[in-house]
Amino acid sequence: MDYYIYIKYFHYLAFISWMALLFYQPRLYVYHMEHIDNPGFVKVVKIQEDKLYNFIGWPAMLGSLISGIVMIILNPALMQMGHIHVKLTVVFLMLLYHFDLGRYLKQLREDRCTKSGKFFRFYNEVPTIAMLIIIWIMIVNPF
Numbered sequence: 005m006d007y008y009i010y011i012k013y014f015h016y017l018a019f020i021s022w023m024a025l026l027f028y029q030p031r032l033y034v035y036h037m038e039h040i041d042n043p044g045f046v047k048v049v050k051i052q053e054d055k056l057y058n059f060i061g062w063p064a065m066l067g068s069l070i071s072g073i074v075m076i077i078l079n080p081a082l083m084q085m086g087h088i089h090v091k092l093t094v095v096f097l098m099l100l101y102h103f104d105l106g107r108y109l110k111q112l113r114e115d116r117c118t119k120s121g122k123f124f125r126f127y128n129e130v131p132t133i134a135m136l137i138i139i140w141i142m143i144v145n146p147f
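Per the working numbering, the sequence shown starts with residue 5, numbered consecutively.
Pasting the structure below:
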């Protein structure tokens, strides 16, 4: 299983890239909504939103999920560790968040989003909480 460490390495890279989407996408939504009266600015932000979500976020999320599943298949003992269930629960919530960002992306693209910049500032804190939990689980391994 010498290749296992490389799968784990890829998993970490994909996870970090996915977190980049989860951290920055709602920040772009803040800029979008707070500058809604500036069509030139909004046009540029829409391009950034779309590229980040579709060309970084989706591949990173899929890479993280697939490599995580492969690691579990190659090392079924991972499912016996107490922390894995908390981690998988947080990952499930991150997936819901990812798809919700996509829902807002569609609304913003079609100029029909009614949320404020203040809402997206608050919403931007969700991935920070998820990251804190996952890193704590990985390092402290309290279970």
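A virtual CB, placed ideally from N, CA and C, is assigned to each residue, including glycine.
Check your understanding: CA-CA distance, G86 and I76?
Key -> Here residue 86 corresponds to residue number 82 of the sequence shown, with the count starting at 1. Here residue 76 corresponds to residue number 72 of the sequence shown, with the count starting at 1. Cα to Cα, G86 sits roughly 14 Å from I76.
**Study point:** H102 to L26 span [Cα, whole Å]
**Key:** Here residue 102 refers to the residue found at position 98 of the sequence shown. Here residue 26 refers to the residue found at position 22 of the sequence shown. Each residue's Cα considered, the two are about 7 Å apart.
Check your understanding: Contact between the stretch 15 to 33 and the stretch 95 to 112: three or more CB pairs below 8 Å?
Key -> yes
Review point. Once you ignore the five residues that flank P30 on each side, which residues in its own chain have a CB closer than 6 Å to its CB?
Key: Against the sequence shown, residue 30 aligns to sequence position 26. Hits under 6 Å: F124, Y127, N128.
Review point. Would you report the Cα separation of M135 and G61, rounded to the nearest angstrom?
Key: Position 131 of the sequence shown holds residue 135. Position 57 of the sequence shown holds residue 61. Roughly 16 Å between the two C-alpha positions.
Check your understanding: Thinking C-alpha only, which one of P131, G106, L92 is nearest M142?
Key -> Your numbering for residue 142 matches position 138 in the sequence shown. Comparing Cα-Cα distances from M142 to each of P131, G106, L92, the minimum goes to L92.
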